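> Structure incoming, see below.
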Amino acid sequence: MKPDGLFWIVFLSAAGITGWLYFYAKVWLPKHLDERLQESVKAFSTAVELRFPSHAGLSARVEKLSVRVGRQLGLNENQLRDLSLAATLRDVGLCSIPYALVNHRPVNTWSSADFSTYFQHAKIGSAMLEMIPSLRRLAPVVAQHHEPYDSKDGLPNRHARILHVVTDYLWVERRQGDFLARKHLKDLSGTEFDPEVVQALLAVLTSNPDVKEREAAIPAL
Numbered sequence: 004m005k006p007d008g009l010f011w012i013v014f015l016s017a018a019g020i021t022g023w024l025y026f027y028a029k030v031w032l033p034k035h036l037d038e039r040l041q042e043s044v045k046a047f048s049t050a051v052e053l054r055f056p057s058h059a060g061l062s063a064r065v066e067k068l069s070v071r072v073g074r075q076l077g078l079n080e081n082q083l084r085d086l087s088l089a090a091t092l093r094d095v096g097l098c099s100i101p102y103a104l105v106n107h108r109p110v111n112t113w114s115s116a117d118f119s120t121y122f123q124h125a126k127i128g129s130a131m132l133e134m135i136p137s138l139r140r141l142a143p144v145v146a147q148h149h150e151p152y153d154s155k156d157g158l159p160n161r162h163a164r165i166l167h168v169v170t171d172y173l174w175v176e177r178r179q180g181d182f183l184a185r186k187h188l189k190d191l192s193g194t195e196f197d198p199e200v201v202q203a204l205l206a207v208l209t210s211n212p213d214v215k216e217r218e219a220a221i222p223a224l
């Protein structure tokens, strides 16, 4: 074989191997790692919901509706991915909340101390995510997802503001129906809730009435 022919065989082989390695490192591996991460996140979220039946199915609804609101607000794909993960992980801190408080005592009987205990799950969940390098960036979102828009501690993270609006809408919608849930958001827009997010959610609900996906069989908190 001529030297030139050997050179091109070696060159093309090296180029092929390099191309395969690039595809593996930049496309195949991240995609499969991302899929594994999402599977793990959903599994942990499901475990939390099994502990608290009143939350059954809520994470999936919050995640789906939050992403639609995010799109309405113009978030890019990376931002939507983080919003999706944060929506699924927002309640992981509930694993530290007393079982009896959530499962055996109706929310309308809770004292201010009970509410304080319940809402600690946001800070606890955030601390848990801080210990996972690949999820650490989501810790502020989880920490602030119950914080009011006019919080004395400053404006919450934008993803957190989206989760706050969507989560509250779904809780009220589940207990009292869509009309009162929308009224709840409008009444507290600008104080408890980000007005821009409220308008985005209302636009999504109006243009996509199917997103409500009522779940009458699921007990309310």
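By our numbering, the letter at position 46 of the sequence shown is numbered 49, and the numbering carries on one by one without gaps.
For glycine and all other residues, C-beta sits at the position ideal for the given N, C-alpha and C.
Here the structure is a predicted model, which means the values were calculated and not measured.
How many angstroms separate the CA atom of Y25 from the CA atom of S129?
Here the model assigns Y25 a pLDDT of 44, short of 50, so the residue's position is not dependable, and the following value carries that caveat. When rounded, the distance between both Cα atoms is 35 angstroms.
> At the level of alpha carbons, what is the spacing between W174 and P136?
Taking the straight line from one Cα to the other gives about 31 angstroms.
> With a threshold of 8 angstroms, are at least 3 pairs of Cβ atoms found where one atom belongs to the segment 73–90 and the other to the segment 106–115?
Verdict: no, contact absent.
> One question on the structure: do H187 and A163 come within less than 8 angstroms of each other, judged by their Cβ atoms?
No, they are not a contact pair.
> Would you check if the distance between the CB atom of R184 and the CB atom of Q75 is smaller than 8 angstroms?
Residue identity differs from the one stated: residue 184 is Ala in this sequence, not Arg. The answer is no: Cβ separation not under 8 angstroms.
> Applying the 10 Å Cβ sphere with the 16-neighbour rule, what's the burial state of F118?
F118 comes out exposed.
> Can you tell me which of T194, G193, I165, L191 puts its alpha carbon nearest to the alpha carbon of V207?
Nearest of T194, G193, I165, L191 to V207, Cα basis: I165.
> Anyone know if the C-beta pair for M134 and G96 falls short of 8 angstroms?
No, these two residues do not count as a Cβ contact at 8 angstroms.
> On the DSSP letters alone, give me the boundaries of the alpha helix (DSSP H) that I127 sits inside.
Looking at the DSSP string, the run of the alpha helix (DSSP H) that includes I127 is 115–133.
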